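Input: a single structure, listed below in structure tokens.
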Amino acid sequence: MRELLELPQEILLNALLSLPSHRDILRCSQTCRRLWAIVDASSAVQYRIQLGRCGMVEGTGATALQLSSDERLRLLRETIQKRRTFEPKLIHDLGMVEAQYERAFDLLDDIYVRLTHEPPHLSAPDDGEYVARLIIKDISGDSREPAKVVQLDVFPTDVAIAPSLDMIILLVLEEETSSDGPFLRLYLRTLSSGALQEHPDAKRPVLRFPDRVRPNALLEPEFHLSIDEDILALYVSDCALEVFRWTTGHHIISWSHEIDQTITLTAFTLISPTCFVIGHTGQLYYGCLAVYRLPNGDEPEGKQMQIGDPHVELFLPHFYREQHTVVTGLFTSPPRALRGVFESVSRITVMQAVVEDANTGNLDAEGDFIEPTYVFRRAFFAEACNSYLHGPRKVYAAVQVKWDDWGPSNSRLLNLVINPLPDNSVCSGSRLIYRRLIDDQESILSESDESMAYPFYCLDFGDVHDWAFLGAAQKEEALAGPQALRVMAPSDNQLVHNVRTSLPYYAIETRRETFNWSTVLIDGNRMICSRPADGTASWDLEDGRSIEHVYEL
542 MRELLELPQE ILLNALLSLP SHRDILRCSQ TCRRLWAIVD ASSAVQYRIQ LGRCGMVEGT
602 GATALQLSSD ERLRLLRETI QKRRTFEPKL IHDLGMVEAQ YERAFDLLDD IYVRLTHEPP
662 HLSAPDDGEY VARLIIKDIS GDSREPAKVV QLDVFPTDVA IAPSLDMIIL LVLEEETSSD
722 GPFLRLYLRT LSSGALQEHP DAKRPVLRFP DRVRPNALLE PEFHLSIDED ILALYVSDCA
782 LEVFRWTTGH HIISWSHEID QTITLTAFTL ISPTCFVIGH TGQLYYGCLA VYRLPNGDEP
842 EGKQMQIGDP HVELFLPHFY REQHTVVTGL FTSPPRALRG VFESVSRITV MQAVVEDANT
902 GNLDAEGDFI EPTYVFRRAF FAEACNSYLH GPRKVYAAVQ VKWDDWGPSN SRLLNLVINP
962 LPDNSVCSGS RLIYRRLIDD QESILSESDE SMAYPFYCLD FGDVHDWAFL GAAQKEEALA
1022 GPQALRVMAP SDNQLVHNVR TSLPYYAIET RRETFNWSTV LIDGNRMICS RPADGTASWD
1082 LEDGRSIEHV YEL
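This is the structure we're talking about:
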């Protein structure tokens, strides 16, 4: 050690910068005064430490910046401060949108795609025939280029994009029903062609499989498409789960809504190419999150995963002595291409649920049910698989884990009832933006001009290791925006107080009471906001138009 410390300062500095983690740098700085002095005096080392503490990395956009270490550190601190204040800046107006024709959307890597079913000529909407069109818009930077409009040769009901793969997925319901029943098709096409050309890396550019939508379902099913590297998943709400390895065409999973007589599938999210989570009722209707590992690609052709394969069942908390829990939604920050100057490496998973008091059994009775929303570390689910399924003892079925053994240290309960979250763009990186659930009358600011404003909350879970900021926040000395909240404001919709939940890091909670939008979609540092053109709470059936703006976060 002594010989090492006698090396020239430049060599020691390069050695510190070559360490894989900012935590390793900090540990080294605590071993002796010389290393502490080097770390303290070097802007390059301080820059590495600050990046790690706020859960960010340099994106490809940083390579174009000809900046010194001091300038990079200053730019990083300005970026962090901007994330902590939630003061959206208007970038450009996307104009008026014919919302009554919109069927699906997706937003990822600054590419915004909308799917519409509309008359061939909007000037003559009563012809009875409709065509499917894609509106593709690049919202990065200050781009003023018009959106690309493509008329499709198929009639899809849902769409998803993966710009880093140059892929767009179209979900199509077959019009002609065969003797084997109705079928669905997934068309794998290139985004650069406007979904007109097949994707060259897909062994089967059209994936065909049975439509498991129940004919007597009370509600119209919702389709949720997910893609992460070579895994493509389709979850049909309350109906089915289909998972493919799109590069080979292998159908990995085909599960129905009622998995067996005791378990009902209610939600799904794709965590990574090797892991996914489903929400199901559990055998006693207490509710749980089941975490599964996906095969690594060497599985034999035709072999599918079964519900009884080894997995981890994470039980949810109790709010009542006897209860029924239904997970109504699972959402995970999608994998983004690291194209910006600074990109978040922290990602989150959001869960919405309904918990009913089993002693009353009446959801219409006031006070007999609650609707909690939880935020989890996305990485936790892969860690749970490694921890519980890779032990010395081989696992043949489910490993069951009580809430007290996993939930309190890995989750955050949001203490406000919020609106049901949309299919896509709920969260991005470490941030979640959502609208508080309020009465329509409460949302009207002025009856004279019918303008609308909803309370919006922005939560950022990216400051993972910034203990200095945590201490300042606890003392209410942290630099944050004028709307930043130390504790979420209590309200009539506040949930129970005595449930032990927390996250092992601080979350910036910012509220804007006068944000004049009804829907917010988030992607990295961009946000698309929309509202009905007439300013009322819902789209008018006669008009059906909405206004869309792009904001920078």
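Following the working numbering, the numbering of the sequence shown begins with 542 at its first residue and continues without gaps.
For every residue, glycine included, the Cβ atom is placed at its ideal position computed from N, Cα and C.
Given the structure is predicted, the values throughout are model-derived calculations rather than measurements.
Counting the other Cβ atoms within 10 Å of the Cβ of residue 765 gives 16 or more, which makes it buried.
When C-alpha distances from residue 604 are compared across 954, 913, 968 and 880, the shortest belongs to 880. Assignment of beta-bridge partners to residue 854 by DSSP yields 831 and 941. Assigned with DSSP and collapsed to three states, residue 745 falls in coil, not helix or strand.
Straight-line spacing of the CA atoms in residue 845 and residue 749 works out to 16 Å.
Taking C-beta atoms as the reference points, residue 685 and residue 633 count as a pair closer than 8 Å. Apart from the 5 residues on each side of it in sequence, residue 593 sits with its Cβ closer than 6 Å to the Cβ of 563 in its chain, given in chain order. Around residue 688, the same chain offers 676, 677 and 678 as residues with beta carbons nearer than 7 Å, after the five sequence neighbours per side are excluded.
Taken through DSSP and simplified to helix, strand or coil, residue 764 comes out as strand. Cβ neighbours of residue 781 within its own chain (closer than 7 Å, five residues either side excluded): 753, 796, 797 and 798. Counting C-beta atoms within 10 angstroms of its own C-beta, residue 712 has 16 or more neighbours from the protein chains shown and is therefore classed as buried. Residue nearest to residue 816 within the set 726, 694, 771 and 999 is 771 (criterion: CA-CA distance). Per DSSP, the unbroken beta strand (DSSP E) holding residue 1086 starts and ends at 1086-1093. For the 8 Å CB-CB criterion, residue 888 and residue 971 form a contact. Of the other Cβ atoms in all chains shown, fewer than 16 fall within 10 Å of the Cβ of residue 544; this residue is therefore exposed. For residue 816, the enclosing beta strand (DSSP E) stretches over residues 816-821. Between residue 1068 and residue 886, the C-beta gap is not smaller than 8 Å, which leaves the two residues out of contact.
Here residue 813 has 769 and 923 as same chain residues with Cβ atoms under 7 Å from its own Cβ, once five neighbours each way along the sequence are excluded. Assignment of residue 847 by DSSP, reduced to helix, strand and coil, places it in the coil class. Beta-bridge partners of residue 1070 (DSSP): 1061 and 1090. Around the Cβ of residue 778, a 10 Å sphere holds 16 or more other Cβ atoms; the residue is buried. In this structure, the CA atom of residue 620 is about 19 Å from the CA atom of residue 650.
The continuous beta strand (DSSP E) containing residue 703 extends over residues 699-703. Here the alpha carbons of residue 915 and residue 849 stand approximately 26 Å from one another. The beta carbon of residue 925 is closer than 8 Å to those of 832, 853, 855, 942 and 947 in its chain, skipping five residues each way along the sequence. The continuous alpha helix (DSSP H) containing residue 929 extends over residues 919-930. Under the 10 Å beta carbon count, residue 937 is surrounded by fewer than 16 other beta carbons and is classified as exposed. By the 16-neighbour rule on beta-carbons within 10 angstroms, residue 945 is exposed. For residue 754, no beta strand (DSSP E) run applies, since DSSP gives it neither H nor E. Of the residues assessed, residue 575 falls on the exposed side of the cut-off, its CB having fewer than 16 other CB atoms within 10 angstroms. Beta-carbon to beta-carbon, residue 701 and residue 647 are separated by about 5 Å, close enough to satisfy the 8 Å threshold. Per DSSP, reduced to three states, the secondary structure at residue 974 is strand.
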